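Participant: Submitted below is the structure of interest, expressed as C-alpha coordinates.
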Amino acid sequence: LLQEASNLDTLEASAGAIQNLAACQFAPSADVRAAVRVEKGLPVLVELIRLKEDFVVCAVATALRNLSLDPRNRELIGEF
(Lines of atoms letter the chains of each structure in order from A; the text may use other names.)
(Lines give C-alpha, C1' and ligand atoms only; values in the text may rest on other atoms or scores of the structure.)
Protein backbone atom coordinates (compact mmCIF):
# COMPACT_ATOMS: atom_id res chain seq x y z
CA LEU A 17 0.00 0.00 0.00
CA LEU A 18 2.82 2.41 0.84
CA GLN A 19 4.37 1.81 -2.55
CA GLU A 20 1.19 2.33 -4.54
CA ALA A 21 -0.72 5.03 -2.64
CA SER A 22 -0.52 8.69 -3.56
CA ASN A 23 -3.12 9.96 -1.09
CA LEU A 24 -1.28 11.59 1.80
CA ASP A 25 -3.85 10.50 4.38
CA THR A 26 -3.47 6.90 3.24
CA LEU A 27 0.31 7.15 3.48
CA GLU A 28 0.09 8.59 6.99
CA ALA A 29 -2.38 5.93 8.13
CA SER A 30 -0.33 3.10 6.63
CA ALA A 31 2.87 4.32 8.26
CA GLY A 32 0.94 4.77 11.51
CA ALA A 33 -0.26 1.18 11.37
CA ILE A 34 3.32 -0.05 10.93
CA GLN A 35 4.40 2.30 13.71
CA ASN A 36 1.87 0.79 16.12
CA LEU A 37 2.36 -2.83 15.10
CA ALA A 38 6.15 -2.61 15.45
CA ALA A 39 6.14 -0.62 18.69
CA CYS A 40 6.86 -3.06 21.49
CA GLN A 41 9.06 -5.98 22.46
CA PHE A 42 6.37 -8.67 22.14
CA ALA A 43 6.93 -11.50 19.67
CA PRO A 44 4.21 -10.37 17.24
CA SER A 45 5.85 -6.93 17.00
CA ALA A 46 9.20 -8.58 16.28
CA ASP A 47 7.47 -10.59 13.55
CA VAL A 48 6.09 -7.38 12.02
CA ARG A 49 9.55 -5.77 12.09
CA ALA A 50 11.00 -8.78 10.28
CA ALA A 51 8.12 -8.95 7.80
CA VAL A 52 8.55 -5.30 6.79
CA ARG A 53 12.23 -6.01 6.12
CA VAL A 54 11.57 -9.24 4.18
CA GLU A 55 8.86 -7.58 2.07
CA LYS A 56 11.28 -4.74 1.17
CA GLY A 57 9.31 -2.10 3.05
CA LEU A 58 12.28 -0.32 4.60
CA PRO A 59 13.47 1.50 1.45
CA VAL A 60 9.89 2.55 0.72
CA LEU A 61 9.59 4.12 4.17
CA VAL A 62 12.98 5.80 3.88
CA GLU A 63 11.90 7.32 0.56
CA LEU A 64 8.67 8.64 2.11
CA ILE A 65 10.63 10.51 4.78
CA ARG A 66 11.62 12.92 1.99
CA LEU A 67 8.05 14.17 1.49
CA LYS A 68 7.27 17.76 2.39
CA GLU A 69 4.10 17.00 4.37
CA ASP A 70 5.02 17.00 8.05
CA PHE A 71 2.16 14.75 9.16
CA VAL A 72 3.32 11.97 6.82
CA VAL A 73 7.00 12.45 7.69
CA CYS A 74 6.20 12.25 11.42
CA ALA A 75 4.34 8.94 11.01
CA VAL A 76 7.06 7.51 8.78
CA ALA A 77 9.86 8.63 11.12
CA THR A 78 8.16 7.01 14.10
CA ALA A 79 7.55 3.83 12.11
CA LEU A 80 11.24 3.72 11.18
CA ARG A 81 12.21 4.30 14.79
CA ASN A 82 10.08 1.36 15.90
CA LEU A 83 11.33 -0.83 13.07
CA SER A 84 14.90 -0.02 14.11
CA LEU A 85 14.36 -1.98 17.33
CA ASP A 86 15.44 -4.90 15.12
CA PRO A 87 19.25 -4.74 14.76
CA ARG A 88 19.21 -5.86 11.12
CA ASN A 89 16.60 -3.24 10.25
CA ARG A 90 18.74 -0.61 11.98
CA GLU A 91 21.70 -1.52 9.76
CA LEU A 92 19.63 -1.45 6.60
CA ILE A 93 17.90 1.84 7.43
CA GLY A 94 21.34 3.39 7.89
CA GLU A 95 22.38 2.19 4.44
CA PHE A 96 19.36 3.66 2.67
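First residue of the sequence shown? That's 17 in our numbering, and the numbers climb one at a time after it. The C-beta atom is built at its ideal place from N, Cα and C for all residues, glycine as well. Here the structure is a predicted model, which is why all the values come from computation and not from measurement.
Using a threshold of 8 Å, state whether the C-beta atoms of glutamate 28 and alanine 75 are closer than that.
Facilitator: By one-based count along the sequence shown, residue 28 stands at place 12. By one-based count along the sequence shown, residue 75 stands at place 59. Contact: yes.
Participant: I need the straight-line Cα distance from serine 84 to phenylalanine 96, nearest angstrom please.
Facilitator: If you number the sequence shown from 1, residue 84 lands on position 68. If you number the sequence shown from 1, residue 96 lands on position 80. Rounded to whole angstroms, serine 84 to phenylalanine 96 spans 13 Å at the Cα level.
Participant: Using alpha carbons as the reference points, say which of Asp86, Glu91, Leu18 lies closest to alanine 43.
Facilitator: Numbered from its first residue, the sequence shown carries residue 43 at position 27. The candidate whose alpha carbon is nearest that of alanine 43 is Asp86.
Participant: Have a look at leucine 18 and valine 48 and give me their C-alpha separation to the nearest angstrom.
Facilitator: As a working mapping, residue 18 is identified with position 2 in the sequence shown. As a working mapping, residue 48 is identified with position 32 in the sequence shown. Each residue's alpha carbon lies about 15 Å from the other.
Participant: Assuming leucine 58 contacts asparagine 89 under a Cβ cut-off of 8 Å, what Cβ separation, rounded to an integer in Å, is found between them?
Facilitator: Against the sequence shown, residue 58 aligns to sequence position 42. Against the sequence shown, residue 89 aligns to sequence position 73. With a Cβ gap of about 6 Å, leucine 58 and asparagine 89 count as contacting.
Participant: Between which two residues does the alpha helix (DSSP H) carrying aspartate 70 extend?
Facilitator: Taking the first residue of the sequence shown as position 1, residue 70 is located at position 54. Taken as a continuous stretch (DSSP letters only), the alpha helix (DSSP H) holding aspartate 70 covers 70-83.
Participant: Where does asparagine 23 land, buried or exposed, given buried means 16+ other C-beta within 10 angstroms?
Facilitator: Taking the sequence shown and counting its residues from 1, one reaches residue 23 at position 7. That one is exposed.
Participant: Please list the segments of the alpha helix (DSSP H) lying wholly inside the stretch 23-65, counting only runs of 4 or more residues, in order along the chain.
Facilitator: Correct list: 24-37, 43-54, 57-64.
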